[in-house]
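Trainee:
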Amino acid sequence: MAKQSAPVKKNQTVTLTFEDLTHEGNGVGKINGYPLFVPYALPGEVGDVKVVKVKKNFGFGKLLDLHTSSPERVEPPCDVFYKCGGCQLQHMSYDAQLTMKQDQVRNTLKKIAHLEHVQVHPTIGMKDPWRYRNKVQMPVGAKADGELITGFYQKRSHRIIEGMETCIIQDEENDRMVEAVRRIADRLGITAYDEETDQGVLRHIMVRTGEETNDAMIILVTRTQKLPHRDELVKELTGTYPHIKSIVHNINDKQTNVILGKKTEIVWGDAYIYDKIGDVTFAISPQSFYQVNPKQTKVLYEKAMEYAQISSTDTVVDAYCGIGTISLFLAQQAKQVYGVEVVPEAVEDAKKNATLNGITNAAFYVGEAEKVMSWWTAQGMRPDVIVVDPPRKGCDEELLKAMTDMQPERIVYVSCNPSTLARDLRILEDSGYEVKEVQPVDMFPQTMHVECVSWLEKRT
């Protein structure tokens, strides 16, 4: 039987009607049933597309011209949107973004988990979906004449976008502090790190702020063990921005894409800055994992609390507890919360945060969640509720088994990846739990990412 070839060839120009969106926000159009994925195209649009890549079952195209535009198409307010890889959806109205994310979650649950009838609520969005990020980390580069530049990388490259004055999803003050560091470092003759030669000094400028407190922390990442002109840098920055509470030097002398190295030194001020989510105060260190959108984090945690239905007699386990953000929220209503996390520094921070808030009914343990929880089960612990908030790769099967072995009445699963969420929900369904509802929350407006809270009940 002859091998069937794709109905299009590379560099061919075709006219497409776009029917759908991928989970990455690309438009989908078909030629004789063969799908082409095209960035920046929206459903309902008709346009000319240049075929740029052909595979056996699908291809990729570049949008050349639109004959028919979608009513959901808007002009991206960012000057470098089409160059930068940070945002994917600025060409789409915000209402359309929220609908797309709800559809993405619903379709993924159907396709991967075969959960046809689970209620997926409309995505909870923001009143103002701009300037929401409380952390910025900018790579530093240099022009041909050596002048320092900062900016995000162009798509699929490590070339910094020149002339990028601002990022409109970052906190505006953070933007200005990055620019101030760049300007001062340039004037003092501090060189930019060069990835190709592994030479130079300044690799990244990172700024973190507290939404409620306005505390600011600046982290300067260098290849070198010493931070050149540190006193002048500190004097100028703290003189210009009095709300800076901490200036930190991080040393990363490895040839790597990882931003932060292992060695950190407090150059000026405090080791922590503080922020509040609801009534709980958190101490944030340079390497703490802390959600980048505090307004929506509060929405997310309130939904997790609602689904957990915790009473004053309940015991709760929080797997992947990090610095205790969800645990301390839960502890306000529970009898006892046990948090487990594999990163020792995060557990230390969680304990400090409990003390900081006068919370005495939350205990934190270092270890792999599946092993610690299995040990707790062997000791006779039977929590009423388990809350899990894993990284993008989701939960290992061993952890899912450790959760179901504990036989909690409810499981609340917080996820930043609908695909791994769907995979894990299928396993939990097959292990005696029923998925009741899923609530998407837009933690990352203008991007393709979506966070979800899922509510599961033990079947009787």
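Mapping to our numbering: the sequence shown position 2 is 110, numbers consecutive.
Glycine included, C-beta positions come from ideal geometry on N, C-alpha and C.
Quick caveat: nothing in here was measured; it's all calculated off a predicted structure.
1) What's the call for TRP563, buried or exposed, on a 16-neighbour Cβ count within 10 Å?
2) Where does the unbroken beta strand (DSSP E) through PHE145 begin, and where does it stop?
3) From the beta carbon of TYR428, is the nearest beta carbon of chain C less than 8 Å away?
4) Quick check on the DSSP output: what are the complete beta strand (DSSP E) runs of length 3 or more inside the region 431-467, in order along the chain?
5) Quick one: residues in its chain with C-beta nearer than 6 Å to the C-beta of LYS569, no 5 flanking neighbours on either side, listed in chain order?
6) Which runs of the beta strand (DSSP E) fall wholly inside the region 520-556 and span at least 3 residues, in chain order?
7) Per DSSP, what kind of secondary structure is LYS158 in: helix, strand or coil?
8) Taking Cβ positions, are PHE189 and PHE168 nearer each other than 8 Å?
9) Nearest-angstrom Cα distance between HIS175 and ALA149?
10) I need the straight-line Cα distance from GLU287 to THR258, nearest angstrom please.
11) Got a sec? Which residues, its chain only, sit under 6 Å from SER435 by beta carbon, not counting five neighbours each side?
12) For a test of the three-state rule: what should DSSP assign to TYR415, helix, strand or coil?
13) Taking the C-alpha atoms as reference points, what is the distance between GLU255 and GLN307?
14) Quick one: what's got a C-beta closer than 6 Å to THR231's C-beta in the same chain, skipping five residues either side?
15) Considering just the uninterrupted stretch of the alpha helix (DSSP H) at ASN215, what are its terminal residues?
16) Could you pull the start and end residues of the beta strand (DSSP E) that LYS362 belongs to?
17) Which word fits LYS191, buried or exposed, when buried means at least 16 other C-beta atoms lie within 10 angstroms of its C-beta?
18) Where do the ends of the beta strand (DSSP E) carrying ASP128 lie?
19) With 16 other CB atoms within 10 Å as the buried threshold, where does PRO499 fall?
20) Can you grab the Cα-Cα spacing for the pair ASN525 / HIS131, in whole Å?
21) Taking the alpha helix (DSSP H) that TRP600 falls in, what are its first and last residues?
22) Alpha carbons only, please: which of PRO185, ALA204, ASN165 and THR372 is nearest the one belonging to SER178?
23) Less than 8 Å separating the beta-carbons of GLY377 and ILE359?
24) Can you check which of these residues, ALA114, ASN119, VAL159 and GLY133, is closest to TYR142 by C-alpha distance?
25) What does the Cβ neighbour count give for MET109, buried or exposed, with the cut at 16 atoms within 10 Å?
26) Indicate whether the contact test is met: 3 or more Cβ pairs, each with one atom in the region 378-396 and one in the region 214-228, closer than 8 Å.
27) May I ask you to report which of helix, strand or coil DSSP gives MET109?
28) Starting from TYR382, follow its DSSP beta bridges and name the residues at the other end.
29) CB of LEU341 to nearest heavy atom of the ligand ADP: below 7 Å?
30) Quick check: what's the CA-CA separation for VAL342 versus ILE276?
31) Helix, strand or coil: how does DSSP classify ILE298 here?
32) For PHE168, list the residues DSSP reports as bridge partners.
33) Where do the ends of the alpha helix (DSSP H) carrying LEU150 lie?
34) Using 8 Å as the threshold, is the region 288-305 in touch with the region 324-337, meaning 3 or more CB pairs across them?
35) So, is VAL424 buried or exposed, given that buried needs 16 or more other C-beta atoms within 10 angstroms?
Mentor: From the atom records:
1) Buried, since its Cβ has 16 or more Cβ neighbours within 10 Å.
2) For PHE145, the uninterrupted beta strand (DSSP E) segment begins and ends at 142-146.
3) In the displayed structure, chain C is absent; only one protein chain is listed.
4) If we require 3 residues or more, the beta strand (DSSP E) runs fully inside the region 431-467 come out as 444-449.
5) A question about residue 569 goes unanswered here, because the residues of the chain that appear run from 109 up to 568.
6) Runs found: 541-549.
7) If DSSP states are grouped into helix, strand and coil, LYS158 belongs with the strands.
8) Result no, Cβ atoms of PHE189 and PHE168 do not sit closer than 8 Å.
9) Rounded to the nearest angstrom, the two C-alpha atoms are 12 Å apart.
10) Computed Cα separation, rounded: 8 Å.
11) Hits under 6 Å: ASP426, CYS429, VAL445, GLY447 and ALA470.
12) DSSP places TYR415 in helix when its eight states are reduced to three.
13) As the crow flies, the alpha-carbon of GLU255 is around 16 Å from that of GLN307.
14) Apart from sequence neighbours up to five positions away, the residues of its chain that approach THR231 with a beta-carbon distance below 6 Å are LEU206, LYS209, GLN210, PRO548 and ASP550, ordered along the chain.
15) Note, ASN215: alpha helix (DSSP H), 202-221.
16) Careful: LYS362 lies outside any beta strand (DSSP E) and carries neither H nor E.
17) Buried.
18) In the DSSP assignment, ASP128 falls within the beta strand (DSSP E) that extends over 121-129.
19) PRO499 should be labelled exposed.
20) Distance between the alpha carbons of ASN525 and HIS131 is about 10 Å.
21) Nothing in the structure corresponds to residue 600, since the chain is present only between 109 and 568.
22) The residue with the shortest Cα to Cα distance from SER178 is ALA204.
23) No, they are not a contact pair.
24) Nearest of ALA114, ASN119, VAL159 and GLY133 to TYR142, Cα basis: ALA114.
25) With a pLDDT of 45 at MET109, under the threshold of 50, the predicted position of this residue should be treated as unreliable, and no value is reported.
26) The region 378-396 vs the region 214-228: no contact.
27) Note that MET109 scores 45 on pLDDT, short of 50, meaning its location in the model is unreliable and no value can be drawn from it.
28) The partner list for TYR382 (beta bridge, DSSP) reads ALA391.
29) Looking at this structure, you won't find the ligand ADP or any other ligand, since it has none at all.
30) In a straight line, the C-alpha of VAL342 is about 27 Å away from that of ILE276.
31) The answer is coil: DSSP assigns ILE298 none of H, G, I, E or B.
32) In the DSSP secondary-structure assignment, PHE168 is bridged to PHE145 and LYS161.
33) Careful: LEU150 lies outside any alpha helix (DSSP H) and carries neither H nor E.
34) Result yes; three or more Cβ-Cβ pairs closer than 8 Å.
35) VAL424 counts as buried, since no fewer than 16 other beta carbons sit within 10 angstroms of its beta carbon.
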